[in-house]
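Novice: The sequence shown begins at 8 in the numbering used here and counts up one residue at a time. Backbone N, C-alpha and C define an ideal beta-carbon position, used for all residues, glycine too. Have a look at this one.
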Amino acid sequence: FDYVLCKESYHHFCRPMLALYEMIRVARKAVVLVEPQDPYADAPLVPGPAVAMYETGGNYIYSLSKRELEKAACGLGLPALAFKNFCDIYLEGVETALATEDNPAFTHLRRAVERLESRCARGEDKYNMLMAVIFIEPPSQECLMEFIGHGWDVMSIGG
């Protein structure tokens with residue numbers, strides 16, 4: 008495969024790092040993860056003690072951190088990473104709501120996300136979602152500039 012996309016599934020794997028290694032093994036160009044961000048890693052940190060979270064079935068809910076992915080990429084000799092944060096909120100009932108401006112449930116959800124995004128942009132809260140691109144093949148300078156132009160943080164690894 009050229010790319011592997013894992014969206015909001017990684018945190019359910021019983022051995023997520025092993026799953027990441029498998030994604031890297033089968034992808035030729037990059038692995039893209041879209042996952043909850045670890046509130047207790049990477050600045051700004053959420054105050055208070057870290058609390059392990061488990062699903063009702065007993066599976067640990069794993070959340071990503073930029074630093075953890077950076078260490079994995081360095082250890083595997085990968086060339087670069089790209090990160091971007093965003094906010095996501097779940098409100099009961101929105102899964103069946105039409106995404107139209109005249110739907111009160113949709114507009115309520117959109118406004119709640121906008122408020123949280125605004126708090127995060129001002130440094131008053133931490134983004135709860137992380138998008139990460141783990142490059143396996145060195146990206147071109149043009150590719151990196153495109154990511155940067157769309158608000159992504161790009162990190163080159165190694166020499």
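1. Going by C-alpha distance, which of Leu71, Val39, Pro46 and Tyr10 is nearest alanine 89?
2. So the candidates are Lys91, Glu29 and Glu75; which of them puts its Cα closest to the Cα of isoleucine 155?
3. Please work out which residues of its chain come closer than 7 Å, Cβ to Cβ, to leucine 76, disregarding the five sequence neighbours upstream and downstream, and give them in chain order.
4. Within 10 angstroms of the Cβ of methionine 152, are there 16 or more other Cβ atoms? Answer buried if so, exposed if not.
5. Could you name the residues of the same chain whose beta carbon sits closer than 8 Å to that of valine 20, not counting the 5 residues immediately before and after it, in chain order?
6. Is it buried or exposed for cysteine 81, if we count other Cβ within 10 angstroms and need 16 for buried?
7. Could you give the first and the last residue of the continuous alpha helix (DSSP H) run that contains proline 111?
Specialist: Let me spell this out:
1. Out of Leu71, Val39, Pro46 and Tyr10, Val39 has the C-alpha closest to the C-alpha of alanine 89.
2. Between isoleucine 155 and the set Lys91, Glu29 and Glu75, the nearest pair of CA atoms involves Lys91.
3. Leaving aside the five residues that flank leucine 76 on each side, the residues in its chain whose CB is nearer than 7 Å to its CB run, in chain order, Leu88, Ala139 and Ile141.
4. Exposed, because fewer than 16 other Cβ atoms sit within 10 Å of the Cβ of methionine 152.
5. First, the amino acid is wrong: residue 20 is phenylalanine here, not valine. Leaving aside the five residues that flank phenylalanine 20 on each side, the residues in its chain whose CB is nearer than 8 Å to its CB run, in chain order, Ala26 and Tyr69.
6. Around the beta carbon of cysteine 81, fewer than 16 other beta carbons sit within 10 angstroms, so the residue counts as exposed.
7. Run containing proline 111: 111-128, per the alpha helix (DSSP H) assignment.
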